[in-house]
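S.K.: Okay, here's the structure, questions in a sec.
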Amino acid sequence: MTSHTDARLDALAVPASPARPRAPRAWRAALLPLLLPALALCAWQLAASQGWVAPQILPAPERVWTSFVELLGNGDIAANFAVSLHRIGLGFLLGAALGLATGIALGVSDTVRDYLDPLLRALFAIPSIGWIPILILVFGIAETLKILIIAKAVFVPIVINTAQGIRDIPKAHLETARVLRLRPWTRFIRVIAPASLGPVFSGVRLGLGHAFIALIVVEMLAATEGIGYMMVWGRKQFQTDLVIVGMIVVGLAGFALDRALLAVEQALNRKVPSHG
Amino acid sequence: MRFIRYAAAVVVSGLVAAGAQAQGWPEQVRFGGFGQGFGKPYGLAVLAIAQGKGFIADEFKGTPVKLSFEYFTGTGPAINEAIANRRLDFAQYGSLPNIVGRANGLPTRIVTSYGYTTIFGVARPDLPVKSFKDLKGRRVAVAKGTVLHWAFLKALEGNGLTLKDVTLLDLATADQLAALTAGSVDAVIGSSVLLSLRDKGLAKVFYSSHDIGPKAAGFGAITVTESFEQRYPEATQRVVRGLVRAAEWLGHEENREEALRIWTRSGVPYPALRDEYAGVALKDVFNPRIDTFFVSQYRDAVAFSQEQKLIRSGIDLQQWFLPRYVDQALDQLGLQGNWPRRDANGKPLEG
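Written out as structure tokens, the structure is:
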């Protein structure tokens, strides 16, 4: 009876066992995420070739590919992408810096929390798009408006995750720090930062995702260049292929930036002492 | 007893439906038009009059045909999408989105003109902008890809300027008003909606397409989908006849006041509408003919769209226009003499 159970447990444990060759897992990790996009592409091709949807609404994949190559060749994508990247970069830096500072303050200080938390929660409830009409009146439609909207979108998840990440640090860690009489700065660098790195970085990555959403929203509303504007322009020209090309560019860029942040997080994780 | 009555009702309605089928009536005719961004289920120009005064409904009296009217805040581009989604049979919208839709393979045919709309230019009151020429070096907002975009370029041309002389900003109406108020742009080119800014003292009018004439005004067409027209030629004829009767009614000056009141339902304030058509004969504005002038306007706008890379291929205008319905309607109503045919410059032709 006992041996029987043991055998089963062994069987269950096999996939996680390091003795197994790693190659098939690597293949899986590389290929499985492509399965759903591949299926979607097939369905798209089928819908286009069978004429289920008007070609003006959903152009065939090869039409989108042709446009993509064309826009890449004539520099339209690069020019618009550079503008968008500039906006994302500034907005993200501003939002992340303010977000981290505010989040840390909320996390470590009860006083700051008492002052700011309810106000911030109320402000966070207003979606970015709700700020636009009033911000246009104050800042006009120039770059400032776009960068502020993006910064606000980045700020929210970073504040929430940072504050929560710090609050969730096990009491024992902080107790130890107090017993060791660590100075506030040392306590922050040696204890708080490493222990909250995971949630803080989730916030940063989430913030980047929100930055892309905000970017497209502001570029669709009040811009004359950028990837979001390219999509609006595509809609006005009734060339849905342009819109889809824009979606693909934004999707790929967002994915690449998210991966880059993940790599930064892992590098930082290796640097800081483990608290396991 | 109840069952028999129910069965009888089913049979009768079945017969009516079959009858409708036999006569070639569609179950419903769906109209779409450009909205004014105020979220009102009413529009402007001929279609709004034909709806408001029941001219099209009269044409279908005694038939089972139902009519529905929808006005799109997203204007032309949204109407193109609705046609592609098979949600509309007839649509009244601006020439530029007409062209963009057709060039991208949208199966529309042009059955009549919706008349023309006046284009206005307004500037911040503190700026020394007195005419179009003063726009040189300034930031100008216009909704690109709409007929306003075309009219803007026409007016630039008419004043010896090119696109290189101004900074063009593509903004939707609501954002234009905010941007002008905030000082982000110096001037806006748009429809009579802009006059409400003037009435609030936030802008001054420095240009109206009346300055140049009908050639610089906004224009567009009422289109029918190819499949509807082929399947229901009689219904198409009746719709066009209703539209021509609406245009004829508009031409009587004693109806002007009532027409303006009908148009205010769209959300555009009365003073704006009054000023839009002040000093011009509505009969000239709402000429429904597909004549040399109308076709040449389209030829111009197609060339413009190609220049601006709005469309990738040209359009065969002969294939696109379907003047037979409006001509027949004029015959049937005895209105051939009501509107003269015009030459390419909008001058009436003799005879």
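Residue numbers (this note's numbering), protein chains in the order written: chain A, 1 to 276; chain B, 277 to 627.
We treat Cβ as the ideally placed atom computed from N, Cα and C, and that holds for glycine.
Using a Cβ-Cβ cutoff of less than 7 Å, which residues in the same chain neighbour isoleucine 77 of chain A once the five nearest sequence positions on both sides are dropped?
M.R.: For the purposes of this step, residue 77 of chain A is identified with residue 77 of the first sequence, where counting begins at 1. Excluding sequence neighbours, isoleucine 77 of chain A sits near Leu71 and Val249.
S.K.: Buried or exposed, going by whether 16 or more other CB atoms sit within 10 Å of the CB of alanine 298 of chain B?
M.R.: Your numbering for residue 298 of chain B matches position 22 in the second sequence. For alanine 298 of chain B, the pLDDT reaches just 47, beneath the cut-off of 50, and the residue's location in the model is therefore unreliable, although a value from the coordinates is still provided. Counting other Cβ atoms within 10 Å of its Cβ, alanine 298 of chain B stays below 16 and is therefore classed as exposed.
S.K.: Just verifying my parser: in three-state terms, what is the DSSP assignment at lysine 342 of chain B?
M.R.: By one-based count along the second sequence, residue 342 of chain B stands at place 66. Of the three classes helix, strand and coil, the one that applies to lysine 342 of chain B here is strand, per DSSP.
S.K.: In terms of residues, what are the limits of the alpha helix (DSSP H) holding alanine 601 of chain B?
M.R.: As a position in the second sequence, residue 601 of chain B is number 325, starting the count at 1. It is tyrosine, not alanine, that sits at residue 601 of chain B in the sequence shown. Element bounds for tyrosine 601 of chain B: 600–608.
S.K.: Considering only their Cβ atoms, is the gap separating leucine 519 of chain B from threonine 388 of chain B smaller than 8 Å?
M.R.: Here residue 388 of chain B corresponds to residue number 112 of the second sequence, with the count starting at 1. Here residue 519 of chain B corresponds to residue number 243 of the second sequence, with the count starting at 1. Their beta carbons are under 8 Å apart, which means threonine 388 of chain B touches leucine 519 of chain B by this criterion.
S.K.: Spell out whether any CB of chain A is found under 8 Å from the CB atom of valine 376 of chain B.
M.R.: By 1-based counting over the second sequence, the position of residue 376 of chain B is 100. Chain A, which has a Cβ nearer than 8 Å to the Cβ of valine 376 of chain B, makes this yes.
S.K.: Looking only at its own chain, which residues have a Cβ that is under 7 Å from the Cβ of glycine 131 of chain A, when we skip the five neighbours before and after it?
M.R.: Taking the first sequence and counting its residues from 1, one reaches residue 131 of chain A at position 131. The sequence given here places tryptophan at residue 131 of chain A; glycine does not occur at that position. Once the five neighbours on either side are set aside, the close Cβ partners of tryptophan 131 of chain A are Ile149 and Lys152.
S.K.: Distance cutoff 8 Å, beta carbons only. Does glutamine 266 of chain A sit that close to anything in chain B?
M.R.: Along the first sequence, one-based indexing puts residue 266 of chain A at 266. No, because no Cβ of chain B sits closer than 8 Å to the Cβ of glutamine 266 of chain A.
S.K.: Are there three or more Cβ pairs, one per stretch, closer than 8 Å when the stretch 574–583 of chain B is compared with the stretch 482–489 of chain B?
M.R.: no
S.K.: So, helix, strand or coil for glutamine 312 of chain B, using DSSP?
M.R.: Within the second sequence, numbered from 1, the residue matching residue 312 of chain B stands at position 36. The DSSP-derived three-state label of glutamine 312 of chain B is coil.
S.K.: If you follow the alpha helix (DSSP H) that serine 202 of chain A is in, where does it begin and where does it stop?
M.R.: Locating residue 202 of chain A in the first sequence gives position 202, where the first residue counts as 1. Looking at the DSSP string, the run of the alpha helix (DSSP H) that includes serine 202 of chain A is 193–221.
S.K.: In three-state DSSP terms, what is serine 589 of chain B?
M.R.: As a position in the second sequence, residue 589 of chain B is number 313, starting the count at 1. It is coil, neither helix nor strand.
S.K.: Relative to the C-alpha of aspartate 592 of chain B, which candidate in B:Pro383, B:Ala326 and B:Leu429 has its C-alpha closest?
M.R.: If you number the second sequence from 1, residue 592 of chain B lands on position 316. Checked all of B:Pro383, B:Ala326 and B:Leu429; the closest Cα to aspartate 592 of chain B is B:Pro383.
S.K.: On the CB-based measure, 16 or more other CB atoms within 10 Å of its CB, does isoleucine 538 of chain B come out buried or exposed?
M.R.: The sequence position of residue 538 of chain B within the second sequence is 262, counting from 1. The residue is buried, with at least 16 neighbouring Cβ atoms inside 10 Å.
S.K.: Work out the CA separation of alanine 142 of chain A and lysine 271 of chain A for me, nearest whole Å.
M.R.: As a first step, residue 271 of chain A must be located in the first sequence, where it is residue number 271. As a first step, residue 142 of chain A must be located in the first sequence, where it is residue number 142. Cα to Cα, the separation comes out at about 41 Å.
S.K.: Considering just the uninterrupted stretch of the alpha helix (DSSP H) at glycine 165 of chain A, what are its terminal residues?
M.R.: As a working note, residue 165 of chain A is residue 165 in the first sequence. Glycine 165 of chain A -> alpha helix (DSSP H) spans 143–167.
S.K.: Within 10 Å of its beta-carbon, does proline 404 of chain B have 16 or more other beta-carbons around it, so buried, or fewer, so exposed?
M.R.: Taking the first residue of the second sequence as position 1, residue 404 of chain B is located at position 128. Result: exposed.
S.K.: Give the DSSP-derived three-state secondary structure of alanine 298 of chain B in the structure shown.
M.R.: If you number the second sequence from 1, residue 298 of chain B lands on position 22. Reliability fails at alanine 298 of chain B, whose pLDDT of 47 lies under 50, so the model's placement of it is uncertain and no value is given.
S.K.: Spatial neighbours of serine 17 of chain A within its chain, please: CB distance less than 6 Å, with the 5 preceding and 5 following residues excluded, ordered by chain position.
M.R.: In the first sequence, residue 17 of chain A corresponds to position 17, counting from 1. Confidence at serine 17 of chain A is low in this model, with a pLDDT of 46, below 50, so its placement is unreliable and no value can be given for it.
S.K.: Here's a check: name, in chain order, each residue in its chain whose Cβ is nearer than 7 Å to the Cβ of valine 516 of chain B, leaving out the five neighbours to either side.
M.R.: Your numbering for residue 516 of chain B matches position 240 in the second sequence. If we look at valine 516 of chain B and ignore the five residues flanking it on each side, its Cβ neighbours are Val387, Thr388, Tyr601, Val602 and Ala605.
S.K.: Taking the C-alpha atoms as reference points, what is the distance between isoleucine 395 of chain B and arginine 414 of chain B?
M.R.: Within the second sequence, residue 395 of chain B is the residue found at index 119, counting from 1. Within the second sequence, residue 414 of chain B is the residue found at index 138, counting from 1. Taking the straight line from one Cα to the other gives about 19 Å.
S.K.: By DSSP, does threonine 349 of chain B sit in helix, in strand, or in coil?
M.R.: As a working note, residue 349 of chain B is residue 73 in the second sequence. Correct three-state label for threonine 349 of chain B: coil.
S.K.: Just to confirm the assignment, what range does the beta strand (DSSP E) spanning tyrosine 369 of chain B have?
M.R.: Working through the second sequence from its first residue, we reach residue 369 of chain B at position 93. Unbroken beta strand (DSSP E) run through tyrosine 369 of chain B: 366–370.
S.K.: Report buried or exposed for proline 199 of chain A, applying the criterion of at least 16 other Cβ atoms within 10 angstroms of its Cβ.
M.R.: If you number the first sequence from 1, residue 199 of chain A lands on position 199. Counting Cβ neighbours within 10 Å, proline 199 of chain A comes out buried, since at least 16 surround it.
S.K.: Is serine 542 of chain B near tyrosine 392 of chain B, with beta carbons less than 8 Å apart?
M.R.: What you label residue 542 of chain B is simply residue 266 of the second sequence in a count that begins at 1. What you label residue 392 of chain B is simply residue 116 of the second sequence in a count that begins at 1. Remark: C-beta atoms of serine 542 of chain B and tyrosine 392 of chain B do not approach each other more closely than 8 Å.
S.K.: List, in chain order, every chain B residue whose beta-carbon is nearer than 7 Å to that of phenylalanine 238 of chain A.
M.R.: To locate residue 238 of chain A, count along the first sequence from 1; it is residue 238. Residues of chain B passing the Cβ test: Pro353, Asn356, Val376, Gly377 and Asn380.
S.K.: Put alanine 567 of chain B into one of helix, strand or coil per three-state DSSP.
M.R.: The residue given as residue 567 of chain B occupies position 291 in the second sequence. The question names alanine, yet the displayed sequence has aspartate at residue 567 of chain B. Coil, per DSSP.
S.K.: Pull out every residue of the stretch 104–126 of chain A whose Cβ sits closer than 9 Å to any Cβ of chain B, in chain order.
M.R.: none
S.K.: Using CA atoms only, rank isn't needed, just tell me which of B:Ala463, B:Ala523 and B:Val376 is closest to glutamate 583 of chain B.
M.R.: As a working mapping, residue 583 of chain B is identified with position 307 in the second sequence. The shortest C-alpha separation from glutamate 583 of chain B is found at B:Val376.
S.K.: Relative to the alpha-carbon of isoleucine 166 of chain A, which residue among A:Ala47, A:Leu208, A:Val218 and A:Pro194 has its alpha-carbon at the smallest distance?
M.R.: In the first sequence, the residue the question calls residue 166 of chain A occupies position 166. Looking at the Cα atoms, A:Pro194 is the closest of the given residues.
S.K.: How would you list, in chain order, the residues of chain A whose beta-carbon sits under 7 Å from the beta-carbon of threonine 457 of chain B?
M.R.: In the second sequence, counting from the first residue as 1, residue 457 of chain B sits at position 181. Simply Leu137.
S.K.: Specify the secondary structure class of leucine 230 of chain B as computed by DSSP and reduced to three states.
M.R.: As shown, chain B starts at 277 and ends at 627. That puts residue 230 of chain B outside it, with no answer to give.
S.K.: Pick from B:Leu439, B:Thr422 and B:Gly338: whose alpha carbon is nearest that of serine 467 of chain B?
M.R.: The residue labelled residue 467 of chain B in the question sits at position 191 within the second sequence. With distances taken between Cα atoms, serine 467 of chain B lies closest to B:Thr422.
S.K.: Measuring CA to CA, which of B:Lys430, B:Leu432, B:Asp462 and B:Ala419 is closest to alanine 450 of chain B?
M.R.: In the second sequence, residue 450 of chain B corresponds to position 174, counting from 1. Cα-wise, what sits closest to alanine 450 of chain B is B:Ala419.
S.K.: With a 10 Å radius around its C-beta and 16 neighbouring C-beta atoms as the bar for buried, classify serine 344 of chain B as buried or exposed.
M.R.: In the second sequence, counting from the first residue as 1, residue 344 of chain B sits at position 68. It is exposed - the Cβ of serine 344 of chain B has fewer than 16 other Cβ atoms within 10 Å.
S.K.: So aspartate 619 of chain B packs on phenylalanine 570 of chain B, CB below 8 Å; how close in whole Å?
M.R.: The sequence position of residue 619 of chain B within the second sequence is 343, counting from 1. The sequence position of residue 570 of chain B within the second sequence is 294, counting from 1. Their Cβ separation, rounded to whole angstroms, is 11 Å, which puts aspartate 619 of chain B and phenylalanine 570 of chain B out of contact at 8 Å.
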